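S.K.: Before I ask anything, here is the structure I am working with.
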Amino acid sequence: MWLSVFGLLIGITLGFLVDFDIPHEYSNYLSIAVLAAFDTLFGGIRAHLQNLYDEVVFVTGFFFNIILAAGLAFLGVHLGVDLYLAAIFVFGVRLFQNIALIRRILIEKWSISRKKQKKNL
Amino acid sequence: MKKKLSFSLVTLIAGFMLAIQFNLVNQPVVSDTRDMWELKNDLLKEQQTQAELIEGISKLEGKIASYETKKNESKEEVLRDTLTELKTDAGLTEIRGNGVIVSIQPIKADILLGEKVEYISPVLIIRLINEMYRYGADEISISGQRYISTSVIRDINGQPKMDGYPLVHYPVEMQAITVNPKKLKQRIEGSELMDDFFIDNFEVQIKVPSGKLTLPAYQNAINVEHMEPIMDGGES
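Order-wise, the sequence lines are chains B and S. Mapping to our numbering: the first sequence position 110 is 110, numbers consecutive. Each number in our numbering corresponds to the 1-based position in the second sequence with 1000 added.
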């Protein structure tokens, strides 16, 4: 748990410290990729809490979703259709669902542990 | 443990991407704080760069123009060369070179005996010309008239004529230009044609002159009946 948070922090600091510049034209792709990454990340956390976590599924899903989202955006640019909106919509909805599930699971766990504590008392 | 490690790696990548995206979106707007003089200096610099660029462009354009003219000239030259080549091939130019002189005349003994001298048969002359071409002659002229691919030798009113010029004055002299005159001479001498001429009471003498021969250009206009020039380019 803490190791992953630590990784996130390291990644963020690295990103800020390294002077890594991307052309403005590609910012769309990167934003969608970030969204896809977070979708996968929260999906992974939810799966972990539900004891459904599979490492292979998670890692491949992470990279595959990023590439798919960027590819979709690229296709949209070339077709003249804002396909990246579809990606944003899908990832956004899933993000909210995953976070809601995580919240419910955590509340459930918390309430169970509180009941146990009450019984013990 | 391994699970955690891969998960952390993924979070690291995600964090990195997030930070870069954040940087990209929040690039600070650099406000312009230059005063009048600095602006003027910068403008001067830019103007100098512009002048240099314009100079470079004009230089390159000059180069392009010179290349274009060269190209056009070379095209013209190529066309002219081709035209000369074609004219030479068609026999419209005078040509000089090593060659042989074939002279045909009646057998003297017959003249002494009082026999009437007949004209040379056009068929025989055509056969001789064909043989000579076969033996390596490049260009041929008969009695000072250039023989070309459209030349005709035929009997007109009982006289053999080539392109309208009569071949009745003896000796009828044929000049042929070839790369190897001696070989041509030997091969004509060795051919059966000599016998055919003899049957018609003509004798053929072949000489290889020491100097170069000059064949005249074809003098008539060449009529092209079955070919038409394509006017607008066509598709090559």
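Every residue gets a Cβ at the ideal spot worked out from N, C-alpha and C, and that includes glycine. Quick caveat, the model's predicted, so the values are computed rather than measured.
Nearest CA to the CA of residue 1120/S: which residue from 1168/S, 1141/S, 1027/S, 1095/S?
M.R.: Ranking the options by Cα distance to residue 1120/S, first place goes to 1168/S.
S.K.: In this structure, how does DSSP classify residue 14/B when only helix, strand and coil are distinguished?
M.R.: DSSP places residue 14/B in helix when its eight states are reduced to three.
S.K.: Span of the beta strand (DSSP E) holding residue 1122/S?
M.R.: Unbroken run through residue 1122/S is the alpha helix (DSSP H), 1122-1134; no beta strand (DSSP E).
S.K.: What's the gap between the Cα of residue 11/B and the Cα of residue 49/B?
M.R.: Residue 11/B and residue 49/B: Cα-Cα distance of roughly 24 Å.
S.K.: Just checking: is the beta-carbon of residue 1029/S within a distance shorter than 7 Å of some beta-carbon in chain B?
M.R.: Answer no: the Cβ-Cβ gap between residue 1029/S and chain B never drops below 7 Å.
S.K.: Using 10 angstroms around the beta-carbon of residue 1230/S, count the other beta-carbons present and answer buried if the total reaches 16, otherwise exposed.
M.R.: Exposed, because fewer than 16 other Cβ atoms sit within 10 Å of the Cβ of residue 1230/S.
S.K.: What residues in the segment 1020-1049 of chain S have a beta carbon less than 8 Å from any beta carbon of chain B?
M.R.: Answer in chain order: 1020, 1021, 1022, 1023, 1024, 1025.
S.K.: Mind reading off the beta-carbon distance from residue 7/B to residue 1012/S? Whole number of angstroms is fine, and I expect it under 8 Å.
M.R.: 4 Å between Cβ atoms; contact.
S.K.: Determine the DSSP secondary structure at residue 1179/S, reduced to helix, strand or coil.
M.R.: In this structure, residue 1179/S counts as coil in the three-state DSSP scheme.
S.K.: Residue 9/B touches chain S at which residues, Cβ-Cβ below 8 Å?
M.R.: Going along chain S in sequence order, the residues near residue 9/B (Cβ under 8 Å) are 1015.
S.K.: Is the segment 81-94 of chain B close to the segment 27-36 of chain B, with three or more CB pairs under 8 Å?
M.R.: With the cut-off at 8 Å, the segment 81-94 of chain B and the segment 27-36 of chain B touch.
S.K.: Using a Cβ-Cβ distance under 7 Å, would residue 1011/S count as near chain B?
M.R.: So yes, residue 1011/S belongs to the interface.
S.K.: Report buried or exposed for residue 39/B, applying the criterion of at least 16 other Cβ atoms within 10 angstroms of its Cβ.
M.R.: Buried, since its Cβ has 16 or more Cβ neighbours within 10 Å.
S.K.: Apart from the five residues on each side of it in sequence, which residues of its chain come closer than 6 Å, Cβ to Cβ, to residue 1138/S?
M.R.: Excluding positions up to five away in sequence, the list reads 1177, 1178.
S.K.: Please classify residue 46/B as buried or exposed, where buried requires at least 16 neighbouring CB atoms within 10 angstroms.
M.R.: Looking at its Cβ environment, which holds 16 or more other Cβ atoms inside 10 Å, residue 46/B is buried.
S.K.: Using the beta-carbon count (16 or more within 10 Å), is residue 1005/S buried or exposed?
M.R.: Exposed.
S.K.: Closest to residue 1203/S by CA distance: which of 1067/S, 1049/S, 1036/S, 1107/S is it?
M.R.: Ranking the options by Cα distance to residue 1203/S, first place goes to 1107/S.
S.K.: CA-CA distance, residue 121/B and residue 1007/S?
M.R.: Using only the alpha carbons, I get a separation of about 38 Å.
S.K.: If you drop the 5 nearest sequence neighbours on each side, which residues of the same chain put their C-beta closer than 7 Å to that of residue 37/B?
M.R.: Cβ within range, chain order: 62, 66.
S.K.: Listed from N- to C-terminal order along the chain, which residues in the segment 1062-1095 of chain S have their beta-carbon within a distance smaller than 8 Å of any beta-carbon of chain B?
M.R.: Under the 8 Å Cβ criterion, the segment 1062-1095 of chain S contributes no residue.
S.K.: Name the chain S residues that come within less than 7 Å of residue 107/B, Cβ to Cβ?
M.R.: Under the 7 Å cutoff, chain S gives no residues; its nearest Cβ is about 23 Å from residue 107/B.
S.K.: Find the residues of chain S that neighbour residue 3/B, judging by a C-beta separation of less than 7 Å, and give them in chain order.
M.R.: Neighbours of residue 3/B on chain S, chain order: 1004, 1008.
S.K.: Taking a cut of 9 Å between CB atoms, which residues from the segment 29-42 of chain B lie near chain S?
M.R.: Residues 30, 31, 33, 34, 37, 38, 40, 41.
S.K.: With a threshold of 6 Å on Cβ separation, who are the neighbours of residue 1174/S within its own chain once the five nearest residues in sequence on each side are excluded?
M.R.: Answer for residue 1174/S: 1102, 1142, listed in chain order.
S.K.: Which partner residues does residue 1161/S have in the DSSP bridge list?
M.R.: Partner(s): 1154/S, 1166/S.
S.K.: Per the contact definition of three or more C-beta pairs closer than 8 Å, is the segment 1202-1221 of chain S in contact with the segment 1088-1100 of chain S?
M.R.: In short, these stretches touch, since the Cβ pair count reaches three.
S.K.: Roughly how many angstroms lie between the CA atoms of residue 1196/S and residue 1182/S, to the nearest whole one?
M.R.: Computed Cα separation, rounded: 22 Å.
S.K.: Nearest to residue 1034/S by CA position, among 1026/S, 1027/S, 1043/S, is which residue?
M.R.: Considering only alpha carbons, the answer is 1043/S.
S.K.: Where does residue 1007/S fall in DSSP's three states?
M.R.: Correct three-state label for residue 1007/S: helix.
S.K.: For the alpha helix (DSSP H) containing residue 1096/S, list its first residue and its last residue.
M.R.: Here residue 1096/S belongs to no alpha helix (DSSP H); instead the beta strand (DSSP E) covers 1095-1097.
S.K.: Between residue 1018/S and chain B, is any beta-carbon pair separated by less than 7 Å?
M.R.: Yes, residue 1018/S counts as interfacial toward chain B.
S.K.: If we count the other Cβ atoms within 10 Å of its Cβ and call it buried at 16 or more, is residue 1020/S buried or exposed?
M.R.: Result: buried.
S.K.: Quick one: give me the first and last residue of the alpha helix (DSSP H) that residue 124/B is part of.
M.R.: For chain B, the structure presents residues 1 to 121; residue 124/B sits outside this window and is missing.
S.K.: Hey, how far is the Cα of residue 1028/S from the Cα of residue 14/B?
M.R.: Whole-angstrom Cα-Cα distance: 19 Å.
S.K.: To the nearest angstrom, report how far apart residue 112/B and residue 58/B are at their CA atoms.
M.R.: Approximately 28 Å, taken between the alpha carbons.
S.K.: Name the DSSP beta bridge partners of residue 1213/S, please?
M.R.: Answer is 1097/S.
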